[in-house]
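Printed below as a string of structure tokens:
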């Protein structure tokens with residue numbers, strides 16, 4: 013199995029031992045490698061025809077390459093901070109733009125997110141990663157991991173949302189955010205409400221959404 017480690021906070025080093033060792037990474041994210049590596053561009057995020065068609069219909073873009081070989085490959089993207097997530101059979105929901113690299117043994121797919129996706133202009137689906145292995149997430153600034161427990165729901169700005177895992181239910185809401193409260197927002201504001209038991213990853217910077225800076 014591929015070995016993931018961080019070199020600082022902005023570079024991911026993945027060591028492959030040859031044979032069946034492989035990873036799937038964001039196309040163009042390789043910055044250096046040593047040893048013998050082979051790179052293959054994959055269509056539709058690597059989930060086959062169904063995933064490719066789904067992404068075309070929803071407008072979500074995810075260009076992925078498969079990396080195989082023996083040695084160490086280094087990945088980075090626009091000096092983003094990187095966080096590692098180890099999965100042991102769980103499912104991780106993550107924005108496609110925040111997914112840097114996954115172990116090739118992890119299954120990737122898409123899931124319906126409803127109005128939350130529409131509010132961001134990213135389509136109505138988001139990426140899922142499932143199985144046993146590691147995934148590397150990118151964030152604009154150091155990612156913050158927030159715990160959600162029963163009776164303690166969490167409200168998240170959709171522009172700051174990166175990913176979530178666990179037994180969580182999410183609903184999309186219009187509402188007032190800190191920016192609109194301070195008179196700095198524009199247009200309608202949106203929030204995601206998470207309830208249940210699980211973890212939510214957020215970044216300390218917000219993407220622009222259809223409703224403006226929320």
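Residue numbers (this note's numbering): 13 to 226. Glycine included, each C-beta is placed from N, C-alpha and C at the ideal position.
On the DSSP bridge assignment, give the partners of residue i in chain order.
i: residue 207; result: 181
i: residue 99; result: 145
i: residue 159; result: 211
i: residue 115; result: 35
Would you identify the three-state DSSP class for residue i, choosing helix, strand or coil?
i: residue 109; result: helix
i: residue 28; result: strand
i: residue 20; result: coil
i: residue 217; result: coil
i: residue 176; result: strand
i: residue 152; result: coil
i: residue 40; result: coil
i: residue 147; result: strand
i: residue 50; result: strand
i: residue 13; result: coil
i: residue 57; result: Confidence at residue 57 is low in this model, with a pLDDT of 49, below 50, so the placement of that residue should be treated as unreliable; the coordinate-derived value is given next. If DSSP states are grouped into helix, strand and coil, residue 57 belongs with the helices.
i: residue 34; result: strand
i: residue 92; result: coil
i: residue 171; result: coil
Does the separation of the CB atoms of residue i and residue j fall below 8 Å?
i: residue 150; j: residue 85; result: no
i: residue 120; j: residue 139; result: yes
i: residue 82; j: residue 152; result: no
i: residue 99; j: residue 143; result: yes
i: residue 168; j: residue 87; result: no
i: residue 118; j: residue 24; result: no
i: residue 147; j: residue 156; result: no
i: residue 175; j: residue 96; result: no
i: residue 108; j: residue 78; result: no
i: residue 206; j: residue 180; result: yes
i: residue 145; j: residue 178; result: no
i: residue 158; j: residue 212; result: yes
i: residue 80; j: residue 18; result: no
i: residue 21; j: residue 93; result: yes
Tell me whether residue i, by its Cβ, gets closer than 7 Å to a heavy atom of the ligand COA.
i: residue 29; result: Of the ligands one can find in the structure shown there are none, so the ligand COA has no counterpart to examine.
Residue i lies in the beta strand (DSSP E); which residues open and close that run?
i: residue 81; result: 76 to 87
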